[in-house]
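Q:
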Amino acid sequence: MDARPTTAVIGGGTMGAGIAHVLLAAGSPVVLVEADAARVDASRQAVEASLDGAARRGKLPEGVGRDDLLERLTMSTAVDELPGDTALVVEAVPERVDIKQTVLGGAARACPEAVLASNTSSLSIGAIAADLPGDRVIGMHFFNPVPAQKLVELVVHPGTSEATTTATREWVEALGKTAIVVNDAPGFATSRLGLTVGLEAIRMVEEGVASPEDIDTGMQLGYRWPMGPLRLTDVVGLDVRLAIAEHLTRELGPRFTPPQLLRDKVERGELGQKSGRGFYDWS
């Protein structure tokens, strides 16, 4: 497997570990930055577990073992210590513009030639790019679970250069995935459409129209969805869906108002797969 340029992933949670996995599998050395020193080992273990799962399913590159890929992984707690020749930086930190600006600002200073990509699912790329080298900033929206999902939504703001868009599309192709390009707008394309169906499905449960299982089965068999909207909500995280809904309500109006059932479940800590319970029991 030919080595590719060095890449960096900022944020060692579920999405960050998945993004690190696919970059490693594509032949790139990866620096995974987890600012919380207490979580560094857990972040590395998440990458290891993801690669182990791929190995069991026969999804690693031919002739390459899990340990071979892990030799390319470096853990760090400091964005400002990223290698200067890093070609691609992907942030996967919490959905707050200020946090994303801070980590990408540090990456911009440390890596003067790198594409600066945000994995945000709904925040404005233009807002994130403010006070950064905006021509290098682009949205690179991966989907969960990253190794299995084939789509990457590239989001361009008015300052994104053509060179940045082209380079990022080439990275997506190197990962064996397919890119779509959308302009910077609230919710982009996929989050807005996916959330619309998800919120309506929650309202249907709230109103007693049908059970989560029957709603999901209807969408799977009737519309060929690989996963129903309520199970998908559990996988994404009810707290994440709520945050996106609140953001789009502010940006686009009341049609994205979160159902009370969604608020109640988040308040009770029923966040979906990651908490063991959402619309389904994951325990």
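Heads up: the sequence shown begins at 897 in this note's numbering, then just goes up one per residue.
Beta carbons: idealized from backbone N, C-alpha and C, even for Gly.
Enumerate, from N- to C-terminal direction, the unbroken alpha helix (DSSP H) stretches of 4 or more residues contained entirely within the region 948–991.
A: Here the runs fully enclosed are 962–966.
Q: Terminal residues of the continuous alpha helix (DSSP H) containing Ala1023?
A: As a working mapping, residue 1023 is identified with position 127 in the sequence shown. That run of the alpha helix (DSSP H) goes Ile1021 to Ala1025.
Q: Using 10 angstroms around the beta-carbon of Arg952, count the other beta-carbons present and answer buried if the total reaches 16, otherwise exposed.
A: Position 56 of the sequence shown, counted from the first residue, corresponds to residue 952. The residue in question, Arg952, is exposed, as its Cβ has fewer than 16 Cβ neighbours within 10 Å.
Q: Excluding the 5 residues flanking Ala1023 on each side, which residues of the same chain have their C-beta closer than 7 Å to its C-beta?
A: In the sequence shown, the residue the question calls residue 1023 occupies position 127. Result list for Ala1023: Val993, in chain order.
Q: So Leu1091 and Phe1175 are in contact, right, with Cβ under 8 Å, and what is the actual spacing, rounded?
A: As a working mapping, residue 1091 is identified with position 195 in the sequence shown. As a working mapping, residue 1175 is identified with position 279 in the sequence shown. Wrong, their Cβ atoms sit about 15 Å apart, outside the cutoff.
Q: Check Glu1049 in the structure and name its three-state DSSP category.
A: Taking the sequence shown and counting its residues from 1, the one referred to as residue 1049 is at position 153. The answer is strand: DSSP assigns Glu1049 an E or B state.
Q: Which ranges would you report for the alpha helix (DSSP H) in the region 1049–1086 if only whole runs of at least 4 residues count?
A: Segments of the alpha helix (DSSP H) lying fully in the region 1049–1086: 1058–1070.
Q: Using the Cβ count rule (16 or more neighbours within 10 Å means buried), how would you classify Asn1015?
A: In the sequence shown, counting from the first residue as 1, residue 1015 sits at position 119. Answer is buried; the Cβ neighbour count reaches 16.
Q: Are Leu1144 and Ala1097 touching if we call contact CB-CB under 9 Å?
A: Position 248 of the sequence shown, counted from the first residue, corresponds to residue 1144. Position 201 of the sequence shown, counted from the first residue, corresponds to residue 1097. Not closer than 9 Å, so no.
Q: Are the beta-carbon atoms of Ser939 and Ala913 separated by less than 9 Å?
A: Here residue 939 refers to the residue found at position 43 when the sequence shown is read from its first residue. Here residue 913 refers to the residue found at position 17 when the sequence shown is read from its first residue. The answer is yes: Cβ separation under 9 Å.
Q: DSSP three-state call for Arg1173: helix, strand or coil?
A: Along the sequence shown, read from residue 1 onward, the residue named residue 1173 stands at position 277. In this structure, Arg1173 counts as strand in the three-state DSSP scheme.
Q: Leu928 and Ala904 - do their beta-carbons sit closer together than 9 Å?
A: Counted from its first residue, the sequence shown places residue 904 at position 8. Counted from its first residue, the sequence shown places residue 928 at position 32. Going by C-beta atoms, Ala904 is nearer than 9 Å to Leu928.
Q: What is the residue span of the alpha helix (DSSP H) that Gly1114 lies within?
A: Here residue 1114 refers to the residue found at position 218 when the sequence shown is read from its first residue. From DSSP, the alpha helix (DSSP H) with Gly1114 extends over Pro1108 to Tyr1119.
Q: Are there 16 or more other CB atoms within 10 angstroms of the CB of Glu1049, so buried, or fewer, so exposed?
A: Start at 1 with the first residue of the sequence shown, and residue 1049 comes out as number 153. Buried, by the Cβ-count rule.
Q: Between which residues of its own chain and Gly980 is the CB-CB distance below 8 Å, once the five residues before and five after are set aside?
A: Taking the sequence shown and counting its residues from 1, one reaches residue 980 at position 84. Within the same chain, Gly980 has close Cβ partners Ala1006, Cys1007 and Pro1008.
Q: Does the beta-carbon of Leu1148 have 16 or more other beta-carbons within 10 angstroms, so that it is buried, or is it exposed?
A: By one-based count along the sequence shown, residue 1148 stands at place 252. By the neighbour-count rule (16 or more Cβ atoms within 10 Å), Leu1148 is not buried but exposed.
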